[in-house]
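What follows is a single structure, written as structure tokens, with notes after it.
Number of protein chains: 2
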Amino acid sequence: MKEKKILLNERDIPKQWYNLAPDLPTPMQPPLGPDGKPVRPDMLAPVFPMNLIEQEVSQKRWIDIPEEILEILYRWRPTPLRRAVYLEQYLKTPARIYYKDESLSPPGSHKPNTAVAQAWYNKQFGIKKITTETGAGQWGSALAFACNLLGLECKVFMVRISFEQKPLRKTMMRIWNAKCVPSPSQETKAGRDILKRIPDTPGSLGIAISEAVEEAVTDKSGKTRYALGSVLNHVLLHQTIIGLEAKKQLKIVGEKMPDIVIGCAGGGSNFAGLSFPFVYEKINGAEIEIIPTEPTACPTMTRGEFAYDFGDVACTTPLLAMYTLGHAFIPPPIHAGGLRYHGMAPLVCQCIVEGLIKPRSYNQIKCYESALLWARTEGAICAPETSHAIACVIEEAERAREEAKEKVIIFNYSGHGLMDLSGYENFLSDKLVNYSLPEEELKKNIASLKNLPKPKMQKSGKW
Amino acid sequence: MKEKKILLNERDIPKQWYNLAPDLPTPMQPPLGPDGKPVRPDMLAPVFPMNLIEQEVSQKRWIDIPEEILEILYRWRPTPLRRAVYLEQYLKTPARIYYKDESLSPPGSHKPNTAVAQAWYNKQFGIKKITTETGAGQWGSALAFACNLLGLECKVFMVRISFEQKPLRKTMMRIWNAKCVPSPSQETKAGRDILKRIPDTPGSLGIAISEAVEEAVTDKSGKTRYALGSVLNHVLLHQTIIGLEAKKQLKIVGEKMPDIVIGCAGGGSNFAGLSFPFVYEKINGAEIEIIPTEPTACPTMTRGEFAYDFGDVACTTPLLAMYTLGHAFIPPPIHAGGLRYHGMAPLVCQCIVEGLIKPRSYNQIKCYESALLWARTEGAICAPETSHAIACVIEEAERAREEAKEKVIIFNYSGHGLMDLSGYENFLSDKLVNYSLPEEELKKNIASLKNLPKPKMQKSGKW
């Protein structure tokens, strides 16, 4: 019998997060302020609590996970490592396909791994309220879940069009005691300004970020901070528990090291969570192919430029050195809302520049075909984002069959699709189209970056 | 540290189902045909495959689970036994509260435990296609899931009003390769007759059952059968894997025997699945309080009559000896669609008559209050049906506090509520009302049974 679930007991959960930053061959390019000078940690203090800022800039390889955070993670962690034996059989592949099942958290994705940690550190720092933005709602509901458990107030600015299209995401947040308002709202200056200019705007993540940050920094009590669900170093750090658990679980079934590691990447956190502990092995000599995947409709890593750019449309964040399609880029309305971001986590981008990982892109219909094959073989319904990892898994499993090679593939099953079934309905009814970014639009967007500072980093080309 | 999840390895899964029938103090009252005579097994052959009919009438205490069924169950079983430590803390109760988490199956409830078994036995018998009805959609999607895994065709008649209100349940079934049509449909005589008389009918479970049975028995190839998701003996049998796993898991954490066992009951299968292995212990001398719970809006067990009645509104099924509100009873539109049934599994009813179990009823608002407290302490969002178990758990945990007694409570967490968030939204917006069945309506419905045969069974009063 092939074991289908490799379980880990609570006592075997990793007790430290893994920080990739100190192990990178070339040091990270620093975030820059509006003056082009590196941002000092204290400049971020009105936005984030100092203990998280310390993690953001930390050069320690291992960072202890506080016992109280572990106690909360035990509610659903360690997550099982599963083996996709039915997909293997269907594909007649000699590859062994494993996946970390992050869909089992109460909000249904990997997001609470960092939501819980961020809420806890905020509480430690004396913060009473956290603000954030959300697009499709995965992150907003994860933060609502975490804040509720820790007794913090939570306010989520949800992009208006999503707020209206996905009213039940708001219900999830209400169940967990959070306040969720459509953005732009009348509750911030940024929101009111937009509404005055464009009363019927559908909203955007860029506007929602501006509102959430404004509400945090203008709270006179000083007890409110802002939280981000991906992109930043400390967010990726909190997700590494996924890959660290996976390593222990692979050992249990006698697999030495995977040949291929795959994760979808929007801001980069679920990909980094699984892969960074394996990037560490690669830096130390292991031969592993590590692949972040993205939509052809929003091809940040595969067609974007490595450049300094803003994290938001309104140009209010520090400049980050990352692959970007330009901060003004508005992605087409693909169903994988979590992969519609113009930038990418700087840590992930530096791995690309260093040649440690190699991104690929997939179009929407191929991803839904992969998701459907997954549901009909393995049985579970994946999130539209996750289907971008599965498309790559299938590609690699078929390659292994053609090459007749016994490969070990592992990927991150970042979330279930039960809140996103309308995309499947459209796919099954032949109503989906593929998008790809026209070259001239890409060039125009990238050109908008020409007056910004340039990263000094060289390609190391070492790998 | 209190262990929050008690896991069981695949190799420790129970290898046999437990059949309560031979252990009951008084033999079961037989199902009767339209002539008032006991139904012979061969009379059911056009509806169910003979191997399942044999299970339906079996008097063997232990029935082997075929290895191939176990192989499929391993996809999500054994399910964790969890401890609700946060609810305990909130209630300041000395009770230890455990629950089997059946929400982890791909369709999100306990239903696939029997859907997989039924599909497998049908396939063994040479059947190519299974028909069924579904109300809210839990059962229909579970059967779709199972048939897809086994390569059987599946057709689901979904009550029209639910088909329109919950279009995404249909999407789930389509993902798993099933055909789901609104009932009444043009595809059966029963459906066409109703549509001719009442073109804009919202449909009902009674009509949908008639359509599904008709489509099965009129298939000239003889390769189509009908499947039911609850009520019948063999359906309850397949669910006993829940309680058998729970017993092993309680032993792992050193709990000898629970003091209280709780499950919600619509047709009775999730309640029976957890509780029957403990009913066995009670028959053999253990002191356990066993409580099936139901809505005050549909108080079958607490206010219904123990009588022979039809399983459907159209009076096409055999007569079953059970607690019933009368087959003509139309329950009010509470959100717990799975608990809106006028009858109850005969095995569960006989346990009530014997005094082995004691039902309770809860109103809708109390149940949502309990569900909300659950989500805000334990973190997960439960199905509206499951909230009827949680309401009772909270009541008993509070009683334990008042009595200062260290009790062990276990209940069945039958499913998640992610497909039913609109009920929560209504609750949070103060739009819910409580229903209770007026005494005169109850009397009128019960009176309609007066010309049917009466069960000969006496109350044993032994317990």
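Protein sequences appear in the order of chains A and B. Sequential numbering from 1 applies to the first sequence in the working numbering. Sequential numbering from 464 applies to the second sequence in the working numbering. Backbone N, C-alpha and C define an ideal beta-carbon position, used for all residues, glycine too. Source: prediction; values computed, not measured.
- Determine the chain B residues that contact L152/A at a beta-carbon separation under 7 Å, and present them in chain order. Position 152 of the first sequence, counted from the start, is the residue given in the question as residue 152/A. Chain B residues near L152/A: none, gap ~13 Å exceeds 7 Å.
- Message: Does chain B have any CB closer than 8 Å to the CB of T79/A?
- Response: As a working mapping, residue 79/A is identified with position 79 in the first sequence. No, no contact with chain B.
- Which chain A residues sit within Cβ distance under 7 Å of Y584/B? On the second sequence, position 121 is the one that residue 584/B refers to. Y584/B does not reach chain A, its nearest Cβ partner there being about 19 Å away, counting only Cβ pairs nearer than 7 Å.
- Going by alpha carbons, who is nearest to Y90/A out of A397/A, I207/A, A21/A and G108/A? Taking the first residue of the first sequence as 1, we reach residue 90/A at position 90. When only C-alpha atoms are compared, the closest one is A397/A.
- Which residues, in order along the region 813 to 835 of chain B, keep a beta-carbon less than 9 Å from a beta-carbon of chain A? Residues A834 and L835.
- Task: Within 10 angstroms of the Cβ of R77/A, are there 16 or more other Cβ atoms? Answer buried if so, exposed if not.
- Result: Reading the first sequence from its first residue, position 77 is the one you call residue 77/A. Of the residues assessed, R77/A falls on the buried side of the cut-off, its CB having 16 or more other CB atoms within 10 angstroms.
- Contacts of Y74/A in chain B (Cβ-Cβ under 9 Å): The residue given as residue 74/A occupies position 74 in the first sequence. Near Y74/A (Cβ distances below 9 Å), the residues of chain B are M464, E466, K467 and K468.
- Query: Helix or strand or just coil, what does DSSP make of S109/A?
  - Reply: Along the first sequence, one-based indexing puts residue 109/A at 109. Taken through DSSP and simplified to helix, strand or coil, S109/A comes out as strand.
- Sort out for me which residues DSSP pairs V871/B with in a bridge. By one-based count along the second sequence, residue 871/B stands at place 408. BP columns for V871/B point to R559/B.
- CA-to-CA distance, A671/B to L432/A, given in whole angstroms: Residue 432/A sits at position 432 when you count from the first residue of the first sequence. Residue 671/B sits at position 208 when you count from the first residue of the second sequence. Rounded to whole angstroms, the gap between the alpha carbons of L432/A and A671/B is 32 Å.
- Anything in chain A within Cβ reach of W602/B, meaning under 7 Å, just list it in chain order. Here residue 602/B refers to the residue found at position 139 of the second sequence. Those do not exist, as W602/B stays about 16 Å from chain A at its closest Cβ, beyond 7 Å.
- Message: Using the three-state DSSP reduction, which class does M807/B fall into: helix, strand or coil?
- Response: Here residue 807/B refers to the residue found at position 344 when the second sequence is read from its first residue. Three-state result, M807/B: coil.
- Check whether the Cβ atoms of G692/B and V698/B sit closer than 8 Å, and answer yes or no. Taking the second sequence and counting its residues from 1, the one referred to as residue 692/B is at position 229. Taking the second sequence and counting its residues from 1, the one referred to as residue 698/B is at position 235. Taking 8 Å as the Cβ cut-off, G692/B and V698/B qualify as a contacting pair.
- Task: Would you tell me roughly how many angstroms separate the C-alpha atoms of A115/A and A272/A, rounded to the nearest one?
- Result: The residue you call residue 115/A lines up with position 115 of the first sequence. The residue you call residue 272/A lines up with position 272 of the first sequence. The C-alpha of A115/A lies about 16 Å from the C-alpha of A272/A.
- Query: Near I535/B, which residues of its chain fall below 7 Å by C-beta distance, leaving aside the five closest residues on each side in sequence?
  - Reply: Counted from its first residue, the second sequence places residue 535/B at position 72. Closer than 7 Å at Cβ, skipping near neighbours: V579 and L612.
- Determine the contact status of A190/A and S210/A, defining contact as a CB-CB distance below 8 Å. For the purposes of this step, residue 190/A is taken as the residue at position 190 of the first sequence. For the purposes of this step, residue 210/A is taken as the residue at position 210 of the first sequence. Taking a C-beta distance under 8 Å as the contact criterion, A190/A and S210/A qualify as a contact pair.
- Query: Is Q479/B helix, strand or coil by DSSP?
  - Reply: By 1-based counting over the second sequence, the position of residue 479/B is 16. Residue state, collapsed to three classes: strand.
- Task: Keeping to the same chain, check which residues put their C-beta closer than 7 Å to that of Y121/A; ignore five residues upstream and five downstream.
- Result: On the first sequence, residue 121/A is found 121 positions in, with the first residue counted as 1. Counting only Cβ-Cβ distances below 7 Å, and skipping sequence neighbours, we find P49, N51 and L52.
- Three-state secondary structure (DSSP) at K189/A? For this step, residue 189/A is matched to residue 189 along the first sequence. Three-state result, K189/A: helix.
- Message: Assuming F306/A is part of the beta strand (DSSP E), what are its boundary residues?
- Response: As a working note, residue 306/A is residue 306 in the first sequence. Per DSSP, F306/A is one residue of the beta strand (DSSP E) stretching across E305 to F310.
- Task: Please list, in chain order, all residues of the same chain as L495/B whose beta carbon is under 7 Å from its beta carbon, the five residues on each side excluded.
- Result: On the second sequence, position 32 is the one that residue 495/B refers to. Result list for L495/B: P501, V502, Y771, P781, L782 and P916, in chain order.
- In chain A, what lies closer than 8 Å to I938/B by C-beta? Here chain B covers residues 464 to 926 and nothing more, so residue 938/B does not appear.
- Excluding five sequence neighbours on each side, which residues of the same chain lie with their C-beta closer than 8 Å to the C-beta of K629/B? To locate residue 629/B, count along the second sequence from 1; it is residue 166. Here K629/B has A599, G600 and M882 as same chain residues with Cβ atoms under 8 Å from its own Cβ, once five neighbours each way along the sequence are excluded.
- Task: Would you mind working out which of F125/A, V156/A and A119/A sits nearest E214/A, comparing C-alpha positions?
- Result: Against the first sequence, residue 214/A aligns to sequence position 214. Measuring from the Cα of E214/A, the nearest candidate turns out to be V156/A.
- Would the region 905 to 912 of chain B and the region 735 to 754 of chain B be scored as touching if the rule is three or more Cβ pairs under 8 Å? Segments in contact, no.
- Query: Closer than 8 Å, CB to CB, is E425/A near chain B or not?
  - Reply: Counting from 1 along the first sequence, the entry for residue 425/A is found at position 425. Interface flag for E425/A against chain B is set, since a Cβ pair is found closer than 8 Å.
- Should the region 847 to 854 of chain B be regarded as contacting the region 789 to 802 of chain B, the criterion being three or more beta carbon pairs within less than 8 Å? Yes, the region 847 to 854 of chain B is in contact with the region 789 to 802 of chain B.
- Message: So if DSSP puts K247/A in a beta bridge, which residue, or which two residues, is it bridged to?
- Response: In the first sequence, the residue the question calls residue 247/A occupies position 247. Under DSSP, K247/A forms no beta bridge with any residue.
- Message: For a minimum of 3 consecutive residues, which ranges assigned as the beta strand (DSSP E) are wholly contained in the region 829 to 877 of chain B?
- Response: Every beta strand (DSSP E) stretch that sits fully inside the region 829 to 877 of chain B and reaches 3 residues is listed by chain position as 871 to 876.
- Item | C-alpha distance - F276/A paired with C264/A, whole-angstrom precision | In the first sequence, residue 276/A corresponds to position 276, counting from 1. In the first sequence, residue 264/A corresponds to position 264, counting from 1. F276/A and C264/A: Cα-Cα distance of roughly 14 Å.
- Would T218/A be called buried (16 or more neighbouring beta carbons within 10 Å of its own) or exposed? Translated into positions along the first sequence, residue 218/A becomes position 218. T218/A comes out exposed.
- Check I446/A in the structure and name its three-state DSSP category. For the purposes of this step, residue 446/A is identified with residue 446 of the first sequence, where counting begins at 1. It is helical.
- Alpha carbon of N434/A to alpha carbon of S422/A, nearest angstrom: Sequence index remark: in the first sequence, residue 434/A carries index 434 (1-based). Sequence index remark: in the first sequence, residue 422/A carries index 422 (1-based). Approximately 16 Å between the Cα atoms of the pair.
- Message: Is A216/A close to the ligand HEM? I mean its beta-carbon at under 7 Å from any heavy atom of the ligand.
- Response: With respect to small molecules bound, the structure shown includes none, and the ligand HEM cannot be examined in it.
- Using a Cβ-Cβ distance under 8 Å, would R225/A count as near chain B? On the first sequence, position 225 is the one that residue 225/A refers to. Cβ-Cβ to chain B under 8 Å: no for R225/A.
- Query: Within 8 Å (strictly less), CB to CB, does E10/A reach chain B?
  - Reply: Position 10 of the first sequence, counting from 1, holds the residue named residue 10/A. E10/A counts as touching chain B.
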